[in-house]
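Numbering-wise (our numbering), the sequence shown opens with residue 76 and increments by one. Structure first, commentary second.
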Amino acid sequence: VVLLAICVSISAVSADDGWSFNFSSSEGSNSDGGSVSFDNGKLVLQDIEFAIPDGYKENDTAQKLAEQAEDDEDAKYSLCSFLNGDKEIVVKVFFSDDFDYKNLTAADGFEDKTIAGHDGIYNENAYGDNTPTFKFIEKGKLVEVNAPDDETLESVIK
């Protein structure tokens with residue numbers, strides 16, 4: 076007999092010094108999407124930490140947790156988006172229960188680059204909107220960050 080327990084918790088707190096949001100689910104594997112939390116500019120997505128600059132607000136309607144990846148049937152992804160007027164930061168983390176991501180190969184306009192101590196691949200216009208995208212591997216997961224400019228991109232990646 077296999078006992079499968081699912082625990083989901085949602086909380087939001089508003090305080091004078093900031094705003095926080097936390098969503099988590101657990102099921103004993105990565106396929107649940109891990110957890111997403113955002114508190115005073117600190118985003119934790121799939122147990123990987125990012126720094127969201129002041130002025131950006133979470134775009135709740137774009138958030139995804141453990142969605143099936145289009146290009147890989149064995150992978151899922153979680154996504155958070157942050158808006159500041161017409162500027163957007165998008166953070167995606169791809170993961171799998173079956174394998175760990177191990178390396179990236181620069182292709183399709185990407186070039187090898189190191190940002191904030193992370194070796195990865197970079198494209199200044201990956202989505203055709205003149206915004207930079209950086210991909211790197213952390214904790215066996217593929218991380219993708221898209222930001223309005225290089226300075227913002229670097230500030231998001233810890």
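Just so you know, even glycine gets a beta-carbon here, dropped at the ideal spot from N, CA and C. Bear in mind the structure is a predicted one, so any value in this text is a computation, not a measurement.
6 Å CB neighbourhood of residue i in its chain, flanking five on each side removed
i, result
"W94", "Reliability of the predicted coordinates at W94 is poor, the pLDDT of 38 falling under 50, and the value obtained from them is presented with this limitation in mind. Cβ within range, chain order: n/a, list empty."
"E219", "K167, K210"
"P223", "K162, T206"
"F185", "I196, N198"
"K188", "Y197"
Residue i burial status per 10 Å Cβ neighbour count (16 or more: buried)
i, result
"N205", "exposed"
"F174", "exposed"
"G192", "exposed"
"Q143", "exposed"
"A137", "exposed"
"T208", "buried"
N-terminal and C-terminal residue of the alpha helix (DSSP H) that residue i is part of
i, result
"K186", "For clarity, residue 186 is Glu in the given sequence; the question names Lys instead. No alpha helix (DSSP H) holds E186; the beta strand (DSSP E) holding it covers 186–190."
DSSP bridge partner residues for residue i (one or two, in chain order)
i, result
"T208", "N198, N221"
"K117", "D114, A126"
"N159", "K162"
"E142", "Y152"
"E229", "Paired residue(s): none; E229 is not in a bridge."
Range covered by the beta strand (DSSP E) that runs through residue i
i, result
"F113", "110–114"
"S171", "That residue, S171, is in no beta strand (DSSP E); it is neither H nor E in DSSP."
Same chain, Cβ closer than 7 Å to residue i, neighbours up to 5 away in sequence not counted
i, result
"L158", "Y131, K132, N134"
Neighbourhood of residue i by C-beta, 8 Å cutoff - its chain only, sequence neighbours within 5 removed
i, result
"I212", "Y176, K177, N178, L179, G195, V218"
Is there contact between the stretch 216–233 and the stretch 153–172, where contact requires at least three CB pairs shorter than 8 Å?
yes
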